[in-house]
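Data block below; observations after.
Numbering (the numbering used here), first residue to last: 888 to 1282.
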């Protein structure tokens, strides 16, 4: 190997081995590992002295690392022997320790539940902290796209969010908490791919996430059910799929609701069918017929979420959400013209927006029922973050 072959491909200094797929010095390798997912990946050149041969600013140096082939997927984690030894002493998951999903804790004694005098406290602090950390860190790997809609779509693809289907005969608080976790964290991981969201203040980002996660989840459940029916010839029309892969037959529905209510199980559906989207059967059929592309589904999820958030808060947030929608609409227009060669797409777009409108109307339909539930104390739940559950039927 001659001198040029052993030189660092980023800075030109002496190379010190293959790092993340290319020959580089240790300094450039360490720089790439530190900054691959940082704000520098989204910034332009900060120095007038960067000339394509020397790189004086971090954005240009990071871009050079990527251009020559450095790959963040080659990062190795948890190689410290001491850390590995310590981890073996911990339970594999929190479920094995307290009998609940990873990030949601239920606090109430057995005597309290039997007497019905005290509410079940649902502590979401760990789950919310996890979502905040996701939004603080941003996308785990840089995603390149020609516009925001494509970037959101690529971000969704990178989540690999369709787990294997698991049919349930009985639903308990463990499964329900698992659904909450899945949708909140999935939406957090998805929305950080929208650059204009990422530049917002942390408190505002959390406020928007709390509002949109369950609305996003409604369309996701419907789409998951539509895809399940398309791919499984044995799927029943009475089956519904939750976003995290759980399949439930509505005819044989059974579950334990004693942790949330003193009412019989067959009566609480009147209040919760909205969040479960069990009465939007026709929408599933429409989604099957439309055969949406990933770009179209991404647009529908974003449009539904931003429209709901804007209507819920109004004012400056409404204006912001309208601007987000306008930008994504322009991106969708470009997609139809340049990638699908569709000049006349208005009819298809109207069908997509009509589905979103049905979901929004369904949310409004269940609001009076939530008020009735509150008046008569139908649910004995006390949430650590009640704003997260507005318009779900639980509060």
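Ideal Cβ placement from N, Cα and C applies to all residues, glycine included. Predicted model, so just to flag it, every value in this text is computed and none were measured.
### Task
Determine the direct distance from the alpha carbon of residue 1108 to that of residue 1062, and round the result to whole angstroms.
In a straight line, the C-alpha of residue 1062 is about 15 Å away from that of residue 1108.
### Message
Could you pull the DSSP bridge partners for residue 894 from this structure?
### Response
DSSP, once it has assigned bridges, lists 901 as partnering residue 894.
### Query
Since residue 1091 is in the alpha helix (DSSP H), which residue starts that stretch and which ends it?
Where residue 1091 is concerned, the enclosing alpha helix (DSSP H) starts and stops at 1089-1118.
### Query
My guess is that residue 1064 and residue 991 are in contact by the Cβ rule of under 8 Å, so how many angstroms apart are they, rounded?
The pair is a contact, with the Cβ atoms about 4 Å apart (cut-off 8 Å).
### Message
For the pair the region 1253-1268 and the region 1146-1160, tell me if three or more CB-CB distances fall below 8 Å.
### Response
In short, these stretches touch, since the Cβ pair count reaches three.
### Task
Taking 8 Å as the threshold, find out whether the region 1110-1123 comes into contact with the region 1213-1221 through three or more Cβ pairs.
Per the Cβ contact rule, the region 1110-1123 is not in contact with the region 1213-1221 (fewer than 3 Cβ pairs under 8 Å).
### Query
If you check the beta carbons only, do residue 1276 and residue 1101 fall under 9 Å apart?
In this structure, residue 1276 lies near residue 1101, with their beta-carbon atoms less than 9 Å apart.
### Task
For residue 1169, count neighbouring Cβ atoms within 10 angstroms of its own Cβ and tell me buried if that reaches 16, exposed if not.
Exposed, by the Cβ-count rule.
### Query
When DSSP labels each residue in this structure, what does residue 1030 get in the three-state scheme?
In this structure, DSSP gives residue 1030 a state outside helix and strand, which the three-state scheme calls coil.
### Task
Could you tell me whether the region 1032-1041 touches the region 1079-1093, using the rule of 3 or more Cβ pairs below 8 Å?
Enough Cβ pairs lie closer than 8 Å, so yes.
### Query
Going by C-alpha distance, which of 1124, 1196 and 1187 is nearest residue 1097?
The option with the nearest alpha carbon to residue 1097 is 1196.
### Task
Could you tell me the boundaries of the alpha helix (DSSP H) in which residue 945 lies?
Unbroken alpha helix (DSSP H) run through residue 945: 945-954.
### residue 1058, buried or exposed, once every other Cβ within 10 Å from all chains shown has been counted against 16
Here residue 1058 is buried. Its C-beta has 16 or more other C-beta atoms within 10 Å.
### Reduced DSSP secondary structure (H/G/I, E/B, other) of residue 1124
Looking at residue 1124 - three-state DSSP - the assignment turns out to be coil, as it is neither helix nor strand.
### Task
Using three-state DSSP, classify residue 1007 as helix, strand or coil.
Looking at residue 1007 - three-state DSSP - the assignment turns out to be strand.
### For residue 1178 and residue 996, the rounded distance between their alpha carbons
The predicted model places residue 996 with a pLDDT of 40, which falls under 50 and marks its position as unreliable; any figure quoted below should be read in that light. Their Cα atoms are separated by approximately 48 Å.
#### Entry: beta strand (DSSP E) runs contained entirely in the region 1231-1271, provided each spans 3 or more residues
Unbroken beta strand (DSSP E) stretches of 3 residues or longer found wholly inside the region 1231-1271: 1268-1270, given in chain order.
### Buried or exposed by the 16-neighbour rule on C-beta atoms within 10 Å, applied to residue 901
Around the beta-carbon of residue 901, fewer than 16 other beta-carbon atoms lie within 10 Å, marking it exposed.
### Query
Secondary structure at residue 1179, three-state DSSP: helix, strand or coil?
Three-state DSSP puts residue 1179 in coil, outside helix and strand.
### Message
Let me confirm a value: residue 1016 is counted as buried when at least 16 other C-beta atoms fall within 10 Å, else exposed. Which label applies?
### Response
Result: exposed.
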